[in-house]
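Protein chains: 2
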Amino acid sequence: MKIYVAQLNPKIGDLARNTDKILNSIERARLEKADVVVFPECAISGYPPEDLLLFDSFIDEMENQLQRIIKSSKNIFVVVGTIRKSVNNNQKNSLFNTAAVISDEKLLGYKDKTLLPTYDVFVEKRYFESNDQQKVFEHKGKKIGILICEDAWAHVEKLAIYEKDPVVDLEKLKPDLVLNLSASPYYYQKKDKRIDIFSKVAKDLNCPLILANQVGANDQLVFDGHSMFFDKNGDLTVVAKGFVEDHLLIDLKASYTKYSYELDHLKDLYSALVLGVKDYFRKLNLSKACLGLSGGIDSALVLCIAVDALGPHNVLALSMPSRFSSLSSLEDSHKICDSLRVELMDIPIDHLYQQYLDLLSPFFSGKAFDTTEENLQARIRGMILMALSNKLGNIVLSTGNKSEMAMGYVTLYGDMCGGLGVLNDVSKTLVYKLANWINRKKEIIPNNIINKEPSAELRANQKDSDTLPSYDIVDKVLQGYVEDHLSLDQIVKKYQLDSILVKSLIERIHLAEYKRRQGPPGIIVSKKSFTKGRYFPIVHSWMS
Amino acid sequence: MKIYVAQLNPKIGDLARNTDKILNSIERARLEKADVVVFPECAISGYPPEDLLLFDSFIDEMENQLQRIIKSSKNIFVVVGTIRKSVNNNQKNSLFNTAAVISDEKLLGYKDKTLLPTYDVFVEKRYFESNDQQKVFEHKGKKIGILICEDAWAHVEKLAIYEKDPVVDLEKLKPDLVLNLSASPYYYQKKDKRIDIFSKVAKDLNCPLILANQVGANDQLVFDGHSMFFDKNGDLTVVAKGFVEDHLLIDLKASYTKYSYELDHLKDLYSALVLGVKDYFRKLNLSKACLGLSGGIDSALVLCIAVDALGPHNVLALSMPSRFSSLSSLEDSHKICDSLRVELMDIPIDHLYQQYLDLLSPFFSGKAFDTTEENLQARIRGMILMALSNKLGNIVLSTGNKSEMAMGYVTLYGDMCGGLGVLNDVSKTLVYKLANWINRKKEIIPNNIINKEPSAELRANQKDSDTLPSYDIVDKVLQGYVEDHLSLDQIVKKYQLDSILVKSLIERIHLAEYKRRQGPPGIIVSKKSFTKGRYFPIVHSWMS
């Protein structure tokens, strides 16, 4: 039996064109003499369709598109992720996240998702009902079991939150092959875990397992693809490409050797960020971006990502010096633009800055220079970027990193301006690692940018370290408090940090919530981002 | 039997002080010789505690505070909403949204919530497990049943989404009194529905019913209080005050007459907006606000709300005319500030505007005046407001209304600047109704502001109607598409509108999603806001 795995990049809600792609893959599978073709979770709608699911017309149109797939399934067995409306046991209208199982122009049935993730970015219980029943479908003498994404993960990873383990129930049905339809978003170092989990599931089921994973970025989520085939010993043998559409053709009769791989987590992280930018623009029918280059490492990194995502001719860089900008920052900005062949505009802002100071001085008399004046500079820059964006159509890329967003070390409506926050979910520690990874073969980001002490250059001789502890400490508290939900005491103990310092950093994280709430959507590359899937009150007074 | 109903205004996460208030109410109940004292849902944490629930330390501290309540319950029966950790039937750690039932220094047990709303702004299945079991607790010969918020609503309103009806199950236990612990957020005209629902529940249970509802604003949600007592015939007999802390003392032996009331929905709406502003500031330990006064109706209305919430001395208004501002707008701004005794600063922006035009002209050569130049003016105003805010500590109130937010007829980082979007969830239709309601006795908002044709005054002779259909039509599409999830065809049919027009408005709603995503948090006063509880992709291509 040959199985064709179609790793597609759907656009949310583009039901007809997503289905066109599905039909095209079925045709290719037929040409490859495949017996079975399998698609990712929610392949017709794209994942996650979010509140589009609240429109009856949306659900009905998915059903129409499914009929097209059924009609195109002559002589082939198709398993495709979609969403179906049905009445549940109590005669209530319900939606199910499901796999439609089709053979030779007939719908054989559905295998509904059992475990509905409702944590972090996932809100499946908002839309779907669970179906506990596990099933196998017979085709050419083989019993094919189907699991949808989380249904397999819970076997290893998330048992603590679910009452059922679909893998255990499926095992009783003695499948000969198991297909997992997934839309499993990328996060840093997730591939390790994914391999471990599916390896164990295949081994425990004692049967070959195929993972068909969605690829592509939808809003803030990036799906990395990397569809996989595990043999019945749980050995990973075949892996599809990451971050692009691809397909696998698996022959169950063939003997595969164990896949040998070296995980390159930084390469994956960089690829995820590039795809996040690329798909955001492509799927919005946009092509051109602009960004402010400060001479610092964050904007340099975003420039590299933008160039790889959109091409150098589609990226416009702006250098907008004030009286506090250093000469070396300007030189470094020119240097990186030269090497990446990106157009750089110089628009000095000091004259405008002085105009604001003059206009406001009657209201500020006697008050010292403070963050007000710093923010003015950042906001003038934001306004200029937005004006160019409005006039020329280049979408602004925001360059703040996750550590800064945590600390509130960013200016709302200033450097936070932008259609997409490229590094919103990348800690400063990872920013440095990525910069060095980019320079692994040759100096693309000027070493001076990487090596200089971080500074916002919004007042004379400013350094980030004037108001922040080292990013190493910030990032530990970020990990402990935001990602792992540890208490103050637990963080102090785990990282051997000073309690007063940690408390002050947690307070800063709380205080900056109002800024982050108005930040640009960011590309999610961690297990817990600020930008989506974190529901934190602005007004509260909790301190653990 | 006498029941003391404590309608409290908790602050999210302020566990010790919320508990202090609870203990104080118990003391007062004792002085009033009450037998029973009942508190709202999640009274210890405040509702909704959101992701604070992911910290074990938070759950543990709620337990500590519950112990304080138990120790203070000498000779009294206390029912208090809290959250408890327990193992479920499958030995998994779970959280329950629950009522702790306490008598005479002993914890008698818990009544867990059965129905967990996970739609709109509610995400309870993210945190809680459901407990299907209904119970009664005996006290002084009476069987007291307990329902938590949604557990009663579903009996009438939301049966379609749940498999259980806790009211029907509770009825079998023949309670003599039912307590409903609620944190039921306000929306426009909800009181009608709430009365209808609880009246029917009391009648069907054939027993007296007490609703103890939270009051106060937490972030974007406003809880209106209005705790109620229904007799066993389902007649509403006693109602607590709305939008303030209050208590009721209900004597089950007394005979009450049917409560006669006239619903004043506009008064409630206005009160909700005032409380939304007041609690946002108070709970953040802030007192001063500022806003831009354009001479239009939206900023005039926000000024009235701010003055009622914070006092005129805490509100600073800014008039920031450009070359396109009309003289009458300036005069109207002065007039309303005079009548409300609010300080008005005049900061003309035209000089700055010209500086931007000059600076940018080399990059804009040959391009016509467009929204770029309009946005520049709005953004200069936003920057000036933010600079004053940064320097003086006045929080910026944003004045855009829901119809504008729907259409994208707002400038991101311009008039969308602000810590709180007071009218984010108020349609233009309701803005007019509220303005007229404010002027019901005397002219507070100059009639000229109410009667003039809406204009953003960002280009010569501009009118909103240049680029938008009448707000009457916008608001119908807003209702149909955003609140009711109707398809294009359904909207066309229901409101007898032109299909091409409706399609263009839906497209505008989609296109403006990226702006709204970066808008300030708004005060929610409708059944479906843009600002919270609407999960809509930015990148998609659905058109119903």
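Top to bottom, those sequences are chains A and B. Heads up: the first sequence begins at 1 in this note's numbering, then just goes up one per residue. Heads up: the second sequence begins at 1001 in this note's numbering, then just goes up one per residue. All C-beta atoms in this analysis are idealised placements derived from N, C-alpha and C, irrespective of residue type, glycine included. Predicted, not measured: the structure shown is a model, and the values here were computed from it.
Taking residue i and residue j to be in contact with their CB atoms under 8 Å, please state how far apart those CB atoms are, rounded to whole angstroms.
| i | j | result |
| --- | --- | --- |
| B/K1113 | B/D1151 | 6 Å |
| B/L1423 | B/V1410 | Between B/V1410 and B/L1423 the Cβ distance is about 11 Å, and since that is not below 8 Å, they are no contact. |
| A/F39 | A/G81 | 6 Å |
| A/G408 | A/R508 | 6 Å |
| B/L1344 | B/H1334 | 6 Å |
| A/K11 | B/H1540 | 7 Å |
| A/L177 | A/V525 | About 33 Å separates the two Cβ atoms, so there is no contact after all. |
| B/D1051 | A/R534 | 6 Å |
Going by the CB atoms, is the gap between residue j and residue i shorter than 7 Å?
| i | j | result |
| --- | --- | --- |
| B/C1042 | B/A1183 | yes |
| A/Y481 | A/I506 | yes |
| B/V1087 | B/V1037 | no |
| B/R1379 | B/G1414 | yes |
| A/L248 | A/V238 | yes |
| B/G1234 | B/S1260 | no |
| B/D1475 | B/S1403 | yes |
| B/S1130 | B/L1147 | no |
| A/L488 | A/S544 | yes |
| A/K143 | A/V136 | yes |
| B/L1275 | B/V1222 | yes |
| A/C290 | A/N390 | no |
Hey, out of the options, whose CA is closest to residue i's CA?
| i | options | result |
| --- | --- | --- |
| B/V983 | B/P1348, B/R1323, B/K1278 and B/Y1047 | There is no way to answer for residue 983 of chain B, as the model of chain B reaches only from 1001 to 1544. |
| B/V1168 | B/R1194, B/K1203 and B/I1195 | B/K1203 |
| B/S1427 | B/V1477, B/E1457 and B/S1455 | B/V1477 |
| B/F1374 | A/R379, A/M386 and A/F364 | Looking at the sequence itself, residue 1374 of chain B is Glu, so the reference to Phe does not match. Nearest C-alpha to B/E1374: A/M386. |
| B/T1531 | B/E1513, B/R1341 and B/N1009 | B/E1513 |
| A/L263 | A/D192, A/K33, A/P362 and A/G382 | A/D192 |
| A/L327 | A/Y356, A/I449 and A/G366 | A/I449 |
| A/S455 | A/H540, A/D298 and A/M383 | A/D298 |
| B/P1537 | A/Y280, A/S73, A/H313 and A/G145 | A/Y280 |
| A/F324 | A/F96, A/D308 and A/S294 | A/S294 |
| B/R1194 | B/N1206, B/G1225 and B/F1058 | B/G1225 |
| B/I1059 | A/L486, A/P521, A/I473 and A/K503 | A/L486 |
Name the chain B residues whose beta carbon is nearer than 7 Å to that of residue i?
| i | result |
| --- | --- |
| A/K283 | V1539 |
| A/D466 | Correct list: empty, because the minimum Cβ distance to chain B is about 18 Å. |
| A/Y280 | V1539 |
| A/Y514 | G1419 |
Between residue i and chain A, is there a C-beta pair that is closer than 7 Å?
| i | result |
| --- | --- |
| B/S1544 | yes |
| B/P1521 | yes |
| B/L1497 | no |
| B/R1126 | yes |
| B/Q1518 | yes |
| B/L1360 | yes |
List, in order along the chain, the chain A residues whose C-beta lies closer than 9 Å to that of residue i?
| i | result |
| --- | --- |
| B/N1218 | P537, V539 and H540 |
| B/L1310 | Neighbours of B/L1310 on chain A: none; closest Cβ ~15 Å, over 9 Å. |
Going along chain B, which residues have a C-beta under 8 Å from residue i?
| i | result |
| --- | --- |
| A/L54 | H1485 |
| A/E50 | Y1535, F1536 and P1537 |
| A/N375 | M1386, A1387 and N1390 |
| A/E41 | Those do not exist, as A/E41 stays about 16 Å from chain B at its closest Cβ, beyond 8 Å. |
| A/Q65 | Within chain B, no residue comes near A/Q65; the closest Cβ sits about 12 Å away, beyond 8 Å. |
Mind pulling the chain A residues with CB within less than 7 Å of residue i?
| i | result |
| --- | --- |
| B/C1417 | Y413 |
| B/D1014 | S541 |
For residue i and chain B, any beta-carbon pair shorter than 7 Å?
| i | result |
| --- | --- |
| A/P117 | no |
| A/M62 | no |
| A/S325 | no |
| A/Q355 | yes |
| A/T372 | yes |
| A/M383 | yes |
Strictly below 8 Å CB to CB, what residues from chain A border residue i?
| i | result |
| --- | --- |
| B/Q1133 | In chain order: nothing, as chain A lies at least about 16 Å away. |
Could you name the residues of chain B that residue i contacts, counting a contact when the two beta carbons are closer than 9 Å?
| i | result |
| --- | --- |
| A/F364 | A1387, L1388, K1391 and L1392 |
| A/H155 | Within chain B, no residue comes near A/H155; the closest Cβ sits about 15 Å away, beyond 9 Å. |
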